[in-house]
Each structure stands twice: as C-alpha cells, then as structure tokens.
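Keeping their order, the protein sequence lines are chains A and B. Each residue of the first sequence is one higher than the one before, starting from 2 at the first, in our numbering. Each residue of the second sequence is one higher than the one before, starting from 13 at the first, in our numbering. The beta carbon of each residue, even a glycine, is placed where N, CA and C say it ideally should be.
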Amino acid sequence: MSDETLIRLSGITKTYGSGQAAFQALKGIDLAIQSGDFVAIMGHSGSGKSTTMNILGCLDTPTSGSYRFLGAHVEQMSRNQRALLRRNYLGFIFQGFNLLSRTTALENVELPLIYRGEPVAVRHQMARSALEQVGLRDWENHTPAELSGGQQQRVAIARAIVTRPVVLLADEPTGNLDTRTSREIMELISTFNREHGITVLMVTHEPDMAAYAGRVIRFVDGRVENDSRNGEAS
Amino acid sequence: MLWNTLLLALRAIRRNLMRSFLTVLGIVIGVAAVITMVTLGNGATKSVSDQISSMGSNMLIVIPGQRFGPGSEGAPSFKSADVDAVRNQITAVERVAPMVNKTVTAVYQAKNWSTVVYGTSNDYFQAGNWKLAGGRTFNETEERAGKAVCVIGETVRNKLFGRQNPVGSEIRIKQFACEVVGLLKSKGQSAMGQDQDDIVVMPLRTVQRRLTGSQDINRLTVSVKNSSSIDAAKKQLTLLMRERRKISDNEEDDFRVMDTRQIAETLTSTTKILTALLGAVAAVSLLVGGIGIMNIMLVSVTERTREIGIRLAIGALEREVLLQFLIEAVVLSSLGGMVGIALATGASIILARLMNIPYLFDLGINLLSFLFSAAIGVIFGFFPARRAAGLNPIDALRHE
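Following this line, the structure appears as structure tokens:
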C-alpha cells in the first residue's frame, strides 16, 4: 500500500432494516483517497452519498466490506476506538451546523480540545486562533442564536479544524446558506485544504460547490458511477 | 478525565439554567415537604409525651364509671373512707389525692374569670407533679377545717391579677371570699389541649362544704412508689374498689382505673398516626416533584440526544458522555436535596416555634427523602442519556 493512500474502501455495503423491508443503500463501494485531496461526493438523495460519508466519518458502520484508514482496519474497531479515531484524525462540518446551543462560540470550539485533555491555557489559545482563522475573532462570546447561518458554519469549521485533523468531512456544508455565504465558506474550506494540507471530503449536490474540489465522485443507486479529476472530461 | 468531565457537566448546568432550576425545584419542594411534615409530627408527638409526663408519671387515676349504657344512672362517687382505704391497704401506693371539681366564676376587684375549682389535699400537688411559683400549699388546719384558702394556676393569676403577685389577696368565689396562699408554676397545655393552668385548688372539705354540698369525691389521683409496681398497684386497687363497692364476681367494674402511661400511649399513638398521615401527604408531593423532574428530563431528551450526537461526533467516548450526564444529574439532585433540607430545617424550626412544639432533627427522614429525590433525578437524568449515548452518533445527531 502506498503512503499516499489515506483511505481505502473495498466492497463496502450498507443495508438498512432486514428481511422483506431490507434496503440496500450501498451496493459495494471501492474507493481510495489520497492525503491532501479535496473530494466532492455528489449524487441525488438516496444515492448513498451521505451513507458513504457517515461510514467514512466513522459515525456509522458498514454492513460488510473493509475500510482502512492509514492502514488500520476501521471495520474491526470498537466504538471507543472509532471515537478516538474521530477525536484525533477527523473534523466534521454538518449542513445543520450542529453547534451546542446556549454555548458561546469559544466554548463550542474548545469542546474537542476538552476531550483531548488540553490544559485550559492551551485550549483557549488554540480556540481563539481557530476563530481568528475563520474571521470570527470578535464573536467568541456570542452564542449560536446570536450568529448568522454563515457565522455559525464558520464556528463549526473552527471547531472542526482546531484539532488540526487529517481529514475534514463536510456534509452539505452550504446546504442552509445563500450563494454568497456559500462561496465564502467554500473559500475557507479550500484554504484549509491548500494551506494546511487537510484532506477534505465534502458531500454536496450543488455543482458550483463541487467545482472547488479537485476530484468529484458521483453516486447513483448505491454505487460509484463516476470518479473524475476536475478539469478532466467526465 | 474526571476533572474535564466535571467541567463539562458544570457548563451544561450553567447554560441550561432554566431546566436546571426546574429540576432542582422539584426536588427541593419534595424534600422540604416530607422533612417538614415528619419533623413537625415528631415534635408534636414529643410534646404530647412531655405533657403527659408533666401530669406526673407513675400515676393512677380512678374515676367512677358507668356500668350500663348511656342514659342509665351514673355509678356512685367515692367517699373519704375510700381514700383512707387505698392509702392504708395498698402498699405500693405513695400518695392518694381525692378530688371534686366544680366550674365557678372567680372574681377579683372588677375582673372575673370562669374557671374550675378542684377540691383536694396537699397530696395532689405531689402526685400531679405540680411545683409552686410562689406562696405555699395548705397547712393541716386549713385542710381539716375546710378553710377558705386556695392555690391558683398561672392562667387564673393572669386573668385576675395580671402581672401582680396574687399571694395574700382575696378572690371571691360564689358567695365566699378565699385567700390566695400559693401560685402554681405553669404547666401549659395538656395533651388533650386543655389549659392545665386554668385552675383554682382548695382543700377538699372547703369545696365539699361550700360548693358541692355533698361528701362525694369524683376522682382519686394515686401515685405509686415506683413505676415497676404500677401494674400490681392497679390490680390491687381494682380488687379493693370492687370489694368496697360490693361488686359481685360476675359484674363489671363500675369505676375505671387509668394509668398515665396508658394515656400517654393512646395519645402518642394518635399523634404518630397523624405524623404518618402528614408524611404520606408530603410523600405525594415528593412523588409529584419526582414526576416534574421526569418530565423536564424527558422533554429535554431530544435536545440532549442531539447534543450527545455532537459530542460523540467530535470524538467523545461513550463513557465520557455518560459520566458527564451522571455528574450533571448527581450535582443537580444533591443541590436540590441540600436546598430542600435547608429549607425544611428553617421551616420546621419556625413552624415548631409557632405551634409551640419542640424541634427534633430526624436524620432518617432527611436521608430517606434526600436519597429518594436524588435517585429520581439521577435515574431520569441519566438513563435517557445512556440510551442516547448507545446510539450510532449519526442517529443521535438526526434525532428529532
């Protein structure tokens, strides 16, 4: 296995329910993602793109197949091992932001650092600098309710990158935002990919947003239909 | 990890002040109600038994009873000879005080007061556990001659003399004047709620001659030398009275012998029932408080499930999340419990003073209600969280 291969999925399937009502959301996914990639995953609803994303993010487990992350077999890991993998290597951005309500921006960003056991001073300093990187230096004491959608997503990005993750997983990060704000968010994500070498996996159904990615994977009916580098003919 | 988790729990409590407050409130009210009720009930029981012992322990009271149902002729009263017979023939007896009583109006200058005159002997003061606040008891001449002298209770002093010293003054009862020779120390209310200090005591003969006009005696107050011989004394007394009153073997007693211990038991068992009843009512409020906590916890489960999803997604271990929720629940519940205990203690002390009963700290009920409410808080704060933390993070995040 080459050093470049960060993530390797082989024969991943996912079935919901059982018996007659069983629904196969993923019908065998094979995928390799190199370190430093910016990958957009596209497809209609029900195509399996979100399910794949959740499996990649160790938030959900595949029914069968193998998932290797930096060579480690994720499908064999316990819940706690997967939690530690998320804690130490992954960062998440969601469509619905998923910030803790009634909790200041700073405290939200600090949260992953608390679980990492960083000392208070380090935690504050890292969280402040992450907020500064997303342009929210003066908003650290505001709660999500006092922030606009774009600002909330920036806080979420700050929370995702504050631990300097290897992979940033973004599930429709611009789904709830207007076009201009969406662009700003995409620029921000691109910056972290370019300047900090964070691998980005992003689910989206908007071609405009997918255009920021270096690689676009298209899902149809639980299979990969198309996998292309941007600029190549699809 | 523990320190971090504690920090997370405290943050969660602080940022959900309203929810935290409501949870705590449910526990506070429940705990406070139960503890206050039971504490006051215990105080009332204690006060009753105190008052009974103030009546004098080791004491038997003999009264004529009715042999047949209501409406029939009352049983005959006792005579002076009965008093002597009891005094001389029963060895366990220490003192025997005869007694007749009559409701009269006592007058001093422009004031008058309706009270009860007890005609008895000096033995009554000893047997009834009375102490003097001033003056003296009767002397032998006064008793034998039936002189118009009296010893009055605190209430009578208060109504007729105010703060003034009554000893040496004369009060008028019916048509005769009576010199006050002594003042009794206050005993307060009796267990039956009577004012024991509303009393004028005179020599037996004075009352018989001037007020009742008969040789009858309504009651014998008998004190026994020591409490172990009280049952034996009671038996002997019953036999003696049956003999003197010529009751044949197949007839029932036409008098009753009561001992103060028995009265005490009856009355304290009554207040104990009341305490249990009040405690039960308060337990309902603890239960209602518990249901309140349940509601708040269950209503917030949706929000908290998402929160748990977020925490799991960013890398919290299941046990870290659970520990946080457990600490949260324990902190809130014990806070509520402690505030409840403090509130109950304050309320009990104040109410006990207002109700004129002693305040007794009951460790058992404090612990019990504290643990019960804490258990409710922990169970309903923790178990929904445990369910949520067992979900796949993505399912917890999507929870509606």
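Measuring straight from C-alpha to C-alpha, what distance separates residue i and residue j?
i: B/N113; j: B/F90; result: 13 Å
i: B/R31; j: A/V167; result: 38 Å
i: A/L85; j: B/L329; result: 7 Å
i: B/R27; j: B/F33; result: 11 Å
i: B/P76; j: B/V98; result: 15 Å
i: B/T115; j: B/I211; result: 10 Å
i: B/Q248; j: B/T287; result: 37 Å
i: B/L299; j: B/V46; result: 10 Å
i: A/K15; j: A/V204; result: 18 Å
i: B/N70; j: B/V236; result: 5 Å
i: B/G42; j: B/S381; result: 8 Å
i: B/V74; j: B/L363; result: 37 Å
i: A/I218; j: B/G393; result: 44 Å
i: A/I13; j: B/S385; result: 49 Å
i: B/R331; j: A/S67; result: 27 Å
i: B/G225; j: B/I361; result: 50 Å
i: A/L91; j: A/T182; result: 24 Å
i: B/I320; j: A/D38; result: 30 Å
i: A/E173; j: A/Q153; result: 14 Å
i: A/N109; j: A/A128; result: 9 Å
i: A/A33; j: A/T6; result: 6 Å
i: B/E340; j: B/N368; result: 41 Å
i: A/V121; j: B/L19; result: 11 Å
i: B/N238; j: B/R273; result: 13 Å
i: A/T64; j: A/G18; result: 11 Å
i: A/T144; j: B/K58; result: 57 Å
i: A/I186; j: A/I158; result: 9 Å
i: B/R231; j: B/Q220; result: 13 Å
i: B/R399; j: B/S312; result: 14 Å
Whose C-beta lies closer than 8 Å to the C-beta of residue i among residues of the same chain, with five residues either side of it excluded?
i: B/G83; result: Confidence at B/G83 is low in this model, with a pLDDT of 49, below 50, so the placement of that residue is unreliable and no value is reported for it.
i: A/R88; result: P113, Y116, R117, T164
i: B/T1; result: Beyond the ends of chain B as shown, which are 13 and 412, falls residue 1 of chain B; an answer cannot be given.
i: B/D271; result: M71, L72, I73, I242, K246
Which one or two residues does DSSP pair with residue i in a beta bridge?
i: A/A41; result: A/M203, A/V217
i: B/Q201; result: B/D207
i: A/C59; result: Per DSSP, none; premise fails for A/C59.
i: B/E182; result: B/E191
i: A/D228; result: A/I218
i: B/M214; result: B/G131
i: B/P110; result: B/L232
i: A/P120; result: Partner(s): none; A/P120 has no beta bridge.
i: A/F93; result: A/L170
i: B/D271; result: B/L72
If I measure Cβ to Cβ from residue i and keep anything under 7 Å in the same chain, skipping five residues before and after, which residues do I get?
i: B/I275; result: I64
i: B/T233; result: M71, I73, A109, M111, Y136, A139, G140
i: A/G1; result: Because residue 1 of chain A is not part of the residues shown, which for chain A are 2 to 235, the question remains open.
i: B/V129; result: N113, K114, V116, I185, V212, M214, V219, L223
What does residue i reach in chain A if we use C-beta pairs closer than 8 Å?
i: B/L409; result: L60, F95, N99
Check the Cβ of residue i against every Cβ in chain B and list those closer than 9 Å, keeping chain order.
i: A/P113; result: I326, G327, A328
i: A/E108; result: R23, R27
i: A/R88; result: I326, G327, A328, L329
i: A/E81; result: Before going further, note that residue 81 of chain A is Asn rather than Glu in the sequence given. Here the neighbours are L329, E330, R331.
List the residues of chain B that residue i touches, going by C-beta distances under 7 Å, in chain order.
i: A/A128; result: Ordered by position in chain B, no residue passes the 7 Å Cβ test against A/A128, which lies about 13 Å from the chain.
i: A/T104; result: R27
Using a C-beta to C-beta distance shorter than 7 Å, which residues of chain A count as neighbours of residue i?
i: B/I406; result: N55, L60, D61
i: B/I322; result: N99, L101
i: B/E319; result: L101
i: B/L20; result: I115
Would you mind telling me which residues of chain A sit closer than 9 Å to residue i, beta carbon to beta carbon, in chain order?
i: B/E332; result: A84, Y116
Less than 6 Å between C-beta atoms, sequence neighbours within five positions excluded: which residues of the same chain meet that for residue i?
i: B/R217; result: G158
i: B/A145; result: L195, K197
i: B/A397; result: F337
i: A/A171; result: I94, M203
i: A/S191; result: Y213
i: B/I54; result: In the sequence under discussion, the amino acid at residue 54 of chain B is Asn, which differs from the Ile named in the question. Taken in chain order, the residues that qualify are L372, D374.
i: A/T1; result: Nothing can be reported for residue 1 of chain A, as the shown portion of chain A is limited to 2 through 235.
Would you list, in chain order, the members of the region 144-161 of chain A that have their beta-carbon closer than 9 Å to a beta-carbon of chain B?
-> T144, R160, A161
Identify each residue in the region 183-209 of chain A for which the Cβ-Cβ distance to at least one residue of chain B is less than 7 Å, and report them in chain order.
-> none
Under 9 Å (Cβ pairs) to chain A, residues found in the region 361-384 of chain B = none
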